[in-house]
Structures are given as C-alpha cells and as structure tokens.
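Top to bottom, those sequences are chains A and B.
45 is the number that the numbering used here gives to position 45 of the first sequence; each next residue is one higher, with no gaps.
Count along the second sequence starting at 1, add 1000, and that's the number in the numbering used here.
Just so you know, even glycine gets a beta-carbon here, dropped at the ideal spot from N, CA and C.
Let me begin by presenting the structure, written as structure tokens, before commenting on it.
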Amino acid sequence: MNNVIALVFWGWIGVILYHIFPQKTNYRLFTIGSLSLLFLYYVTHSLLVFSSVVLWIALVHAASYFIQKKWIYQTYIAAVIALFVSFKLGLFTTGDHNILLENALPVGFSFIMFHSLALLFDRANKVIEQPVKFGRYMTSALFFPTLLIGPFHKFTDFQNSLNSNYLYKRSIHGYCLFCMGLFKFAFSGIFLKTNFLYSIPLTEQQATASLRHPFTIMLILSFYLYTNFSGFSDIVVGLAKMMGFDVPLNFKFPFFSCSMAEYWRNWHITLGAWFREYFFLPLNYRLARMKLFKSTQVTTKLSVFVTFLLIGLWHQLSLKMLAYSIINALLVVFLFPKGSTTRWISWPVTFFAVLCINALFLSDSVGTFIKLMESFYTNSATIAEYTNPRTLRNILFAVVSLLAIYLCEKLIDRLSDYNKDIDKKIIAANFVVCIILLFFGITLGLSGVNAVYVGY
Amino acid sequence: MNKKHLSTLFIVLNLAFSFSAIYYVIDHFSHAMPNTIRKKSNQRFGKLMRNLPVISAKPEVTTLFLGTSIFQYFLYPPDFDKPLNDAGIESVSYNLAFEGNFGLGLYALNNRLMGEFSKNQKKFKAVIIEICPASMNRRTFNRHKLMIDVGNPDVFMNKAAWKDMFIADPATATYLFLNSHMPAFDWQYLEAYAFIQGRIYSFERKPRFAGIANIWSLPQFYERPEWNLEKFGMSGWNLPASQIEFDQMQNKMHEPDEWKAMLADYFRGNGLNENGGFMGYEESLINYYIESVKLAQKFADNVYLLKVPYAPDFQQLADKFSYEDYVLNKVAAQTSATVIDYTKSFDFKDADFADAMHLRQESMKQVMTKLAHDLKDRYK
C-alpha cells in the first residue's frame, strides 16, 4: 500500500470530520486522537507494534512527569540512541528486508523519537513548565499527517493550534499546499523518474551511461529529490492546516540560496531547526564555556561539524552518509559563510554544490558518485541524446513544469500570512492554479511513486 | 455567509471543478478512443468466453494453447493454431498478453475456464501453458505488489469482489475505484507501464494529447492500428500505425549497442537488483503459477509447460546469474505437469529474436512446428 495514498485518504477523513464536528478543543482532540490511533494501526497492521508505540509514548509521558530526576531521561536518551543505532545497523534485517522498518514501523520512528526528546528537553529546560496531559501528548506525538516523514512540530505549537479558532485563510492555504504537493509528488515519480532516472538510488551503470551528461543527471536528481520530498511535505502541511493545525513548512525556495548555511536554513527546515535548537546551540554553549579554543568562531565551526556529522549518520550509518555529512559541514563552514556581496557569483557556486551533495545523497555508494564526477571528463557523447525529439519534448516539459512549480509556489506563498488581508485576485488566481495542479496531480497519479524520505 | 463557509466553498468548488475537468477529459478520450483498458480486458476475456462453446464443442480432442506474453504479439504476432492444425492437432490458442507472466492473470483465466468446464464435465485433451522463469522475480512482484496485496485476481473482473476488497483495505479500494477508469490502476497497465519505461516503447509515435508528457503517450491515446489483430485476442488494441514502424524499431533494436543496452536493461528489469546481484525468485508468483497449473489440470487431461528459448546473449546472462531449473523443477514436482523445455533445442541467433526473451514470427513458427510434432508423438 502506498503510504501517500493512505495519508491522503485518512487526511481527508480528518478534514471532513473537522468541518462536521463542533470545533471545540476536546472534540478536536478526540477526533484527531482517534484518527491518529486508527492510522497507526492501519500502517503497522500489528496489534503488538501498535501497543508498543502507545507504551513508548506513555513511558515518555511518565518520564516528563519526573523530569527533575535526571537519570530517568538520561536513561531514556541512552535507550533511544541504542535502539536507533541498532535500527540503522540493520540488526532487525533479514535478507533484503528490515522487519521493523518495513512491516512494523515503516514510518514514524524518527518522528516519535525527535518529538519525545524535544518534550523531555523542553521540560528539563523549563520551556514547558507544567506537566503535559497524556491525551494531548499522545495525539501530538502520533499526529497522523506528520507521522510518516514529518515535518517535525513541537508539542507547544500543537497545543496552541488545538486551542486556536477556525481560520478560513489557513484552510484555503492548506488546500492550495495540498494541491501543490500532490502535483509535485506525482511529477517527481511519474515524470522525472520515469523519463530520466529509471531507478533510485543512482547506480554506477546510470552514472556512467554514455548518452547522459552528468550535469543533466545531477540536475534531475536534485529536482527529483526536491519535488518528491517537498511534495510529500506540502501534502502533509496542507492536510494539517485544513484540519486546523499549523505545521511549519519544510522548504523555502532552497535552490535560490546563496550560501550553504542559507541552503540548510531553507531545506528540510524543521529537521535543521530541531538539531539547531536541541543539539547545536547547547553543544556550542558548552564548548564555549569549556574554553577549549580561544576563538569562538572555531568553537562554532566545530559545533557545526559535529552537528552535520550527527545529521548525516542519522540518515544512515554508512560511508556514503559519512562523506555526505563531512562535505556538507565543510561547505557550510567554508563556502560563503557570511554570504557574498555579489549574488551572481555565490548563487551559481552554491547551486552547483547543492547539486553535488544531492547527487551523493541519491547515489547508492560513494564510488557511484565519484564515477559520476569522473564522467564530466570522460563523457563526450551528449549530442545524440538531445537531438532525440522525445528527449527534447521531455526536457521542455520538465523545464516548463519546474517553472510552473516555482510560480505556483510563489503565488501560494502569498496566502501564508494570516494576519494580512488577502487580495481577492490572489484568491481567484490560487483557485485556478489549484484546479490545474489537482488535475495534473490526479491524472499523473501516485501509483508507484515512492517517497524517498520514508526510509529515514 | 461567514468566513468558515468561504473556505469550505473554495475547497468544495475547487474539487468540483477539478474532478469535472478530469471526468471530462477521461470521458472525451474514452469516447474518442474506443479502447479503454478495461473494455479491452473484457473484450479479450469475453472473446475467449464467447468462443468457448465453439472451441469446446469437442474439448476431448482439442488442445488449448495459452501463451503468456504481450511482446510476442506486439512485435511479430505468431499464429499458434496453424502449425498445430497442420500437424493434424485440433487446437485453440489464446494469449494472456500482459497478465500472463506474473501468474495472477493466468490464475484468473484458469479459474474462469474451470468454472466454465465444471458445468459440462468435459476436459480438454491438453493444455499447453508457456512458462517463463525469468519473469518470476521480485522486481515483477514489486511492480504488481498492489494487486498481489489485494490477493484477489477477480477484483478486476468481478464487481462483487470490490466489496471484500473495500473491507480489507478501504483506502486502496477507494483509490482504485476513483481511478477505475484510468489505466494506471489496472494490472494490465502496470505491466505496460513498466515496459514504457524500457526501450521497447521508446520509439517515436504520434501523441494525440498534449504531446509533451510521456504519460499522455499511453496506448489508449493512439490511433487504431491498421492491422487486424482480432484473431490474436487483441481486439481494440492500439499499436503503432504500421508494420513498417515495427520493422524500423526492430532494425534499430538489433544495432549492437542498442542490443547490448537492451539486454542489460532487460536483465536488470527481470533478474538483477541494482547492485548486480540476482534478485531471487519470488515464491508467491511461483505459487500462483503452480495453483494455475493445478486448476488447468482440472479441466484438461494433460498439462504441458512450454519453455521457449531466450536469445543466446540473454541465455548466457541467465545461465550466469540465475538458476532457471529451480522454477521448472519446482513447478513440475508440485503439479506433475510435463515440462517441454526448448531452451537448448534450437540453433537460433540473436537476430532470430525480437528482443531478449521473445522470438520473431518466423522463429516462433519453428518452435510451434517442433511442438506440434512432439505433441503428435505424445498423443499416439
């Protein structure tokens, strides 16, 4: 069963219930909580796993009550890290399958882990002073749209959304995001993957194919990753907003960044924010207090390095992700760290760096990535590919679609400020855009489109 | 009207417009192009079923041949009946086209045939079913996982099965139902879709709609072919406009580079995983095949499994990376059906093949002639 289809199905049930039932806090908590539990059972298909997850949530909740006893949450952190490492090392793997990841917990492990750690840290740092109620915490942790691949949202934000009034602007914005996400996701899988990539991750054979220029492959890989991941995120955020919950956006025009630091502020924003708030800042603070280095800049750079190492290894315990995290850390620290005065120099350089790291991310190994880079020199037969009318047509369609995605995102972004009055023309334009996006999103279809990020 | 109604109106109206547009386009094409996939499915199964009273007038002397490949028809449609009839064997042939290779289609068809024949208690003299171990791999399985998960091959032929499916998996059922008119959710299409990604389809044709996205270049958007493939069970199929196009494609395909790339693509799609390792056979597909053979044994006195040869280059790859005897032996052991293995019986060259796993018309004739002679000996 395609996770996205399940999410859309259950999400729309949630939206309809939100509009039918009275919009009081307890009603909403009950409907969303019930739907989240049902969804969890639906994706896990196992009473044992379902109970284990609920027990896990209950244990975290209990730990948050006794937060003054440090050993409790320190033990919890150690246990979570041990479980996480065992996941990534594939201790539950039999043959080609990871039993837990594919059958039991195909989704949600990372999200629940981040969510629980954030709660414990917030309680320990007294950001949340009062003990949280179990029902609310469980609904927040298992909030079903975000259970698959995030975006990560905090418990406090969830609670605020729960108590907030109905906002028609939020609903319209959510709907537009949903249409946009559906289109992007379908576009990534059906079009980019089918016509250009054939299979993900990139294999050595594809990387060295004689009729494909490496730069084209890198461009397509990056756009594929972006449309796939941000498409999924937009569907999630859109559904959540239509249900009255403000879940933060995960992407903000990342390809227009002029430095790698800016790129990471605009790409997978919520993950970056989590690591910044709960890992990078405390680490930097402690290192600064220890006064290991004279310069605070060196301390910050070291913290950046360690943070990226952790982000990389969180994705996967492998040589590829180690290289990925080190390259990222180096780029963040040394590539236009304070931005450049001339945008026309910094943007192309950053863009190329982004293409490289995304290609590495989607390669099956470091060797494949190196082969891809080598083929910049060895590959000369590029004309044949581009003179094929079918390829030209596909490229034209890809360029037009990407341009359309950019313009539509800009248009939908105009709806994101709920405090401003929105021009009726903007609403009308969004109305038309949504019809077009939904039309192509549904007719392109989601069958066989896989979310790249679900594995993490 | 308060603000809440404004957003509800926005969403509801938008959904209404979008789905109207989708309905309009699909409806337009389903009228303009008379062959939606579902209709084709019904026509093809229907044709066989309609003809059954005729072909099964004397089932006890009739041999039923079930071919299992769309390619065989797509490139050079062979005539299975003629060689058998020439050898004095009364026969009827039927090609399962897309559904055949992965077992479920065969299972569904045999279910139907069994239902049909259990009424009059008559059995065919023999049923010959093609077997293709290379297709019974995990890649094929994954490609059809959605359908296999549903676990009921009748879903696409029997409306009552929708109810059971809805109870088992409401989201999938709703999704399939909403898109039931669309080929993307028909298992025939799933197979076609996989082929579209490969080289076999990647020749220039005449797109009718938009002309910019491959998705709109699906078979149903093409004009009707000039050929009459009705007799092969391909009623309503849209093929490239002429045989010349096929010949051009064929010549292009046998250029050495293209041929090598195609073999690699083919084998990657049919046996190797991304890292070059053999994927292993998918037991559930083999089991479906075994069940299908067992069903066939209920409406036939003899069941033969025919293994046709692969292109020599491809055979080398298959010998190197896979163990095809495993499938053949397993099916034979569990069903006690006779395997007629022609893997090494002919001296074919690569040029005798339409592609890696499919014979040209002329080569297929040779296979069928040999089969006819073999059967004649067996029937004595």
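Query                                                                                                                                                                            : Result
With a CB to CB cut of under 6 Å and the five nearest residues on each side skipped, what residues in its chain are close to tryptophan 463/A?                                   : This structure cannot settle anything about residue 463/A, because the visible part of chain A is limited to 1 through 456.
For threonine 1369/B, collect the residues of the same chain with a Cβ closer than 8 Å to its Cβ; drop the 5 residues on either side in sequence, then sort them by chain order. : Pro1083, Asp1086 and Ala1087
Can you tell me whether alanine 58/A is buried or exposed? The criterion is at least 16 other CB atoms within 10 Å of its CB, across all chains shown.                           : exposed
With distances taken Cα to Cα, identify the nearest neighbour of valine 349/A among Lys133/A, Asp122/A and Leu335/A.                                                             : Leu335/A
Of all Cβ atoms in chain A, is any one closer than 8 Å to the Cβ of asparagine 1014/B?                                                                                           : yes
Does DSSP classify phenylalanine 1124/B as helix, strand or coil?                                                                                                                : strand
Quick check on this structure: which residue in Glu262/A, Gly312/A and Thr146/A has the alpha carbon closest to the alpha carbon of isoleucine 32/A?                             : Thr146/A
In terms of alpha-carbon separation, which member of Gly367/A, Gly272/A, Leu249/A and Phe397/A lies closest to arginine 170/A?                                                   : Leu249/A
Could you run through the stretch 19 to 46 of chain A and flag, in chain order, every residue whose CB is less than 8 Å away from some CB of chain B?                            : His19 and Tyr42
Curious, which full-length alpha helix (DSSP H) runs of at least 4 residues does the stretch 17 to 81 of chain A contain?                                                        : 25 to 44 and 47 to 65
Could you check how far apart the C-beta atoms of tyrosine 1304/B and alanine 1337/B are, in whole angstroms? I think they sit under 8 Å.                                        : 7 Å
At a Cβ threshold of 8 Å, is glutamine 227/A touching chain B?                                                                                                                   : Note that residue 227/A is threonine in the sequence shown, not glutamine. With 8 Å as the cut-off, threonine 227/A does not count as an interface residue toward chain B.
From valine 54/A to glutamine 159/A, what does the alpha carbon distance come to, in whole angstroms?                                                                            : 19 Å
Between the beta-carbon of glycine 174/A and the beta-carbon of threonine 270/A, is there less than 8 Å?                                                                         : no
Would you say asparagine 103/A reaches chain B, if we count a Cβ-Cβ gap shorter than 8 Å as a contact?                                                                           : Below a pLDDT of 50, predicted positions are generally treated as unreliable, and asparagine 103/A, at 46, falls in that range; the measurement from the model is reported next regardless. For asparagine 103/A, the answer is no, since every Cβ of chain B falls outside 8 Å of its Cβ.
Assuming leucine 182/A and isoleucine 112/A form a contact by the criterion Cβ under 8 Å, report the distance between their Cβ atoms to the nearest whole angstrom.              : In fact, because the Cβ distance is near 26 Å, the residues do not count as touching under 8 Å.
What is the rounded straight-line gap between the Cα of glutamine 1315/B and the Cα of proline 1309/B?                                                                           : 8 Å
Listed in chain order, which residues of the stretch 340 to 372 of chain A have Cβ atoms closer than 8 Å to some Cβ of chain B?                                                  : Asp364
To the nearest angstrom, report how far apart alanine 1032/B and methionine 218/A are at their CA atoms.                                                                         : Any reading at alanine 1032/B needs caution, since the residue's pLDDT is 43, under 50, leaving its predicted position unreliable; the model's value is listed next. In a straight line, the C-alpha of alanine 1032/B is about 40 Å away from that of methionine 218/A.
Let me know the secondary structure DSSP gives leucine 1190/B once reduced to three states.                                                                                      : At leucine 1190/B, the pLDDT of 34 sits below 50, so the modelled position is not reliable and the matter cannot be decided from this model.
Flag this pair as touching only if the stretch 124 to 139 of chain A and the stretch 289 to 299 of chain A have three or more C-beta atom pairs under 8 Å; answer yes or no.     : no
If you follow the alpha helix (DSSP H) that arginine 1065/B is in, where does it begin and where does it stop?                                                                   : The displayed chain sequence assigns phenylalanine, not arginine, to residue 1065/B. Premise fails: phenylalanine 1065/B lies in the beta strand (DSSP E), 1063 to 1067, not in any alpha helix (DSSP H).
If you scan the stretch 153 to 190 of chain A from start to end, which runs of the alpha helix (DSSP H) of 4 or more residues do you find wholly inside it?                      : 155 to 163 and 168 to 186
Please name the residues in the stretch 407 to 438 of chain A whose beta-carbon is closer than 7 Å to at least one beta-carbon of chain B, in chain order.                       : Phe431, Cys434, Ile435 and Leu438
Given a threshold of 16 other Cβ atoms within 10 Å of its Cβ, counted over all protein chains shown, does histidine 1005/B qualify as buried or as exposed?                      : exposed
Given that a residue counts as buried once 16 or more other Cβ atoms are within 10 Å of its Cβ, and exposed if not, what is valine 8/A?                                          : buried
Between the Cα of threonine 1063/B and those of Ala1300/B, Lys1344/B and Gln1366/B, spot the shortest distance and give me the residue it belongs to.                            : Ala1300/B
Shorter than 7 Å, the distance from the beta carbon of tyrosine 1023/B to the closest heavy atom of the ligand SAM, or not?                                                      : In the structure on display, the ligand SAM does not appear, and there are no ligands present to speak of.
At a CB-CB cut-off below 8 Å, which residues of chain B make contact with tyrosine 175/A?                                                                                        : Ser1007, Phe1010, Ile1011 and Asn1014
Is it buried or exposed for arginine 28/A, if we count other Cβ within 10 angstroms and need 16 for buried?                                                                      : buried
Does serine 295/A have its Cβ less than 8 Å from a Cβ in chain B?                                                                                                                : no
Among Ile370/A, Lys338/A, Asp421/A and Leu17/A, which one has its Cα closest to the Cα of tyrosine 324/A?                                                                        : Ile370/A
Apart from the five residues on each side of it in sequence, which residues of its chain come closer than 6 Å, Cβ to Cβ, to isoleucine 427/A?                                    : none
Just to check my reading of the structure: phenylalanine 144/A and phenylalanine 39/A have Cβ atoms closer than 8 Å, yes? What is that Cβ distance to the nearest angstrom?      : 4 Å
Identify the continuous alpha helix (DSSP H) that holds threonine 270/A and give its terminal residues.                                                                          : 269 to 275
At least one CB of chain B closer than 8 Å to the CB of isoleucine 217/A: is that the case?                                                                                      : no
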